[in-house]
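Asker: If you count by the working numbering, then the sequence shown holds residues 666 to 852, one letter each, in order.
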Amino acid sequence: MERISWNQYFMAQSHLLALRSTCTRLMVGATIVREKRIIAGGYNGSVSGSVHCIDEGCYVIDGHCVRTVHAEANALLQCAKFGVPTEGAEIYVTHFPCLQCCKQIIQAGIKRIYYATDYKNHPYARELFTDAGVETEKVELSAIALDTQFKEKEQYINHLLNELHNQTDDNETYDELKAEAKSLFNI
Ligand SMILES: [Zn+2]
Ligand SMILES: [Zn+2]
Numbered sequence: 666m667e668r669i670s671w672n673q674y675f676m677a678q679s680h681l682l683a684l685r686s687t688c689t690r691l692m693v694g695a696t697i698v699r700e701k702r703i704i705a706g707g708y709n710g711s712v713s714g715s716v717h718c719i720d721e722g723c724y725v726i727d728g729h730c731v732r733t734v735h736a737e738a739n740a741l742l743q744c745a746k747f748g749v750p751t752e753g754a755e756i757y758v759t760h761f762p763c764l765q766c767c768k769q770i771i772q773a774g775i776k777r778i779y780y781a782t783d784y785k786n787h788p789y790a791r792e793l794f795t796d797a798g799v800e801t802e803k804v805e806l807s808a809i810a811l812d813t814q815f816k817e818k819e820q821y822i823n824h825l826l827n828e829l830h831n832q833t834d835d836n837e838t839y840d841e842l843k844a845e846a847k848s849l850f851n852i
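(1) Is the distance from the Cβ of Ile822 to the Cβ of Ala846 below 8 Å?
(2) So, with DSSP's three-state summary, where would you put Lys785?
(3) Closest to Phe815 by CA distance: which of His787, Leu849 and Glu792 is it?
(4) So is the beta-carbon of Arg690 under 7 Å away from any non-hydrogen atom of ligand 1?
(5) Check the C-beta distance from Ala695 over to Ile756 and give it rounded, since I have them as a contact under 8 Å.
(6) In chain order, which beta strand (DSSP E) runs of at least 3 residues are fully inside the stretch 731-806?
(7) His729: beta carbon under 7 Å from a heavy atom of ligand 2?
(8) May I ask whether a heavy atom of ligand 1 can be found less than 7 Å away from the beta carbon of Cys763?
Take a look at the structure:
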C-alpha cells in the first residue's frame, strides 16, 4: 500500500478547510505546520460573530470583498489567540498568498510556503519572500489525497478502457480517452 506524502496530507487539509470558506468569491484554506504537526488552520471567512457573505452577499469596495479575514491571516491569528509560536513554521495554502498575507506570513517568522494554485502571484510578494529568505514551492493536490474510493475508481476506469479497447476499431478515440484517464488517475 502506498502512503500519501506529508506534502499531500497537509495540502489536503488546506483544501478541506477551503470548503469552510464563507465568501464564495474565492475559497481558500491554510494550514500551519511545525515539525510535521498541524498547529493551526484557517479559511477565508468573516470576523467571528458577524454575518457571512454566503448569507448576506459580499461587501465589495474597489472590487474587493472587505468582509473576510483571509485564510492565512486566520491561521496566524489562531496561533496568536492561543499563544502558539509560528517562528520557523511552514504554511500550506490552496492559493498563492496575496500581498497582505505575504507580509503577515513573513512577519510571523514562517520560513516556507507550499501553495497548490497560482493566484495573481504578485511580483512584489515574490520579491519580499526572496528578500526574507522565505521559500515558495508549488504542491498540487493529487486525486488520491482526498478520495477514499480512489482505488475502486481507478480499477473501474481501467475496466472501461479495456472493454472499449476490445469493442472498437477507433484507436484514435481510445487513445484520447486513455490519455485523459491517465492524466486524471495517474494510471
Ligand atoms: Zn465576500
Ligand atoms: Zn490574503
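For every residue, glycine included, the Cβ atom is placed at its ideal position computed from N, Cα and C.
Computed from a predicted model, the values in this text were never measured in an experiment.
Answerer: Checking against the coordinates, here is how it stands:
(1) The residue you call residue 822 lines up with position 157 of the sequence shown. The residue you call residue 846 lines up with position 181 of the sequence shown. Yes; because the gap between Cβ atoms is below 8 Å, this pair is in contact.
(2) Numbered from 1 along the sequence shown, position 120 holds the residue referred to as residue 785. It is coil, neither helix nor strand.
(3) Locating residue 815 in the sequence shown gives position 150, counting from the first residue. Out of His787, Leu849 and Glu792, Leu849 has the C-alpha closest to the C-alpha of Phe815.
(4) Against the sequence shown, residue 690 aligns to sequence position 25. Yes; taking the cut-off as 7 Å, the Cβ of Arg690 has a heavy atom of ligand 1 nearer than that.
(5) What you label residue 695 is simply residue 30 of the sequence shown in a count that begins at 1. What you label residue 756 is simply residue 91 of the sequence shown in a count that begins at 1. Their Cβ separation, rounded to whole angstroms, is 6 Å, which keeps Ala695 and Ile756 in contact under 8 Å.
(6) 755-760, 777-782 and 800-803
(7) As a first step, residue 729 must be located in the sequence shown, where it is residue number 64. Not so, every heavy atom of ligand 2 lies at least 7 Å from the Cβ.
(8) Mapped onto the sequence shown, residue 763 falls at position 98. No, the beta carbon of Cys763 sits no closer than 7 Å to any heavy atom of ligand 1.
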